[in-house]
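Heads up, the thing below is written out as structure tokens.
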Amino acid sequence: MTEDEARQRLERRASELDEEDRAGAEGRAPVTLQQDSVGRLSRMDAMQQQAMAQAQERRREGERRRVAAALARLDEGEWGWCATCGEEIAEKRLDHDPSAATCVSCAAGGG
0 MTEDEARQRL
10 ERRASELDEE
20 DRAGAEGRAP
30 VTLQQDSVGR
40 LSRMDAMQQQ
50 AMAQAQERRR
60 EGERRRVAAA
70 LARLDEGEWG
80 WCATCGEEIA
90 EKRLDHDPSA
100 ATCVSCAAGG
110 G
């Protein structure tokens, strides 16, 4: 994968994450207590759905940071090189995840 292709994929993923945030905003809203119209199990279900939406938001934020870091590495000419050992990251790894910052060995704890 070329650097231009990686940049395009990373920028596209950043846009997708923004769209997912907008789409999931309602699910993260506070659960209001409406004892007259919603039973206890319905409230518990709504709270569980809210917790899952918040967990997805945290996952997206982590991915957003990885994408931003990869874009910064592209700008600095460091993309494709392991941030831990300095060796080149395998092309298949970058094809799978252009935001990868480490080689397979370092990611597994062996670097």
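Heads up, the sequence shown is in numbering that gives the first Met the number 0, so the first residue is 0 and it goes up one at a time. Idealized CB from N, CA, C, for every residue including glycine.
Chain B within 9 Å of residue i, Cβ atoms only
i: M51; result: Of the protein chains in this structure there is only one, and it is not chain B.
Whole-angstrom distance between residue j and residue i, CA atom to CA atom
i: A5; j: E77; result: 13 Å
i: E62; j: R12; result: 9 Å
i: M51; j: D44; result: 11 Å
i: Q53; j: R42; result: 16 Å
i: K91; j: L40; result: 47 Å
i: D17; j: G109; result: 34 Å
i: Q49; j: A106; result: 32 Å
7 Å CB neighbourhood of residue i in its chain, flanking five on each side removed
i: Q55; result: G23
i: G79; result: E87, I88 and L93
Residues near residue i in its chain [Cβ-Cβ closer than 8 Å; skip 5 each side]
i: S98; result: L9, R12, E62, R65, V66, A68 and A69
i: L73; result: E2, A5, R6 and L9
i: H95; result: none
i: E15; result: none
Presumed contact (8 Å Cβ cut-off) between residue i and residue j, rounded CB distance
i: A82; j: A100; result: 5 Å
i: R59; j: D20; result: 6 Å
Close Cβ partners of residue i (< 6 Å) along its chain, the five nearest in sequence each way excluded
i: R86; result: A quick correction: the sequence has Glu, not Arg, at residue 86. Closer than 6 Å at Cβ, skipping near neighbours: C102.
Proximity to residue i [Cα-Cα], best of the options
i: C84; options: E15, D3, T1 and S104; result: S104
i: T1; options: Q47, A89 and E15; result: A89
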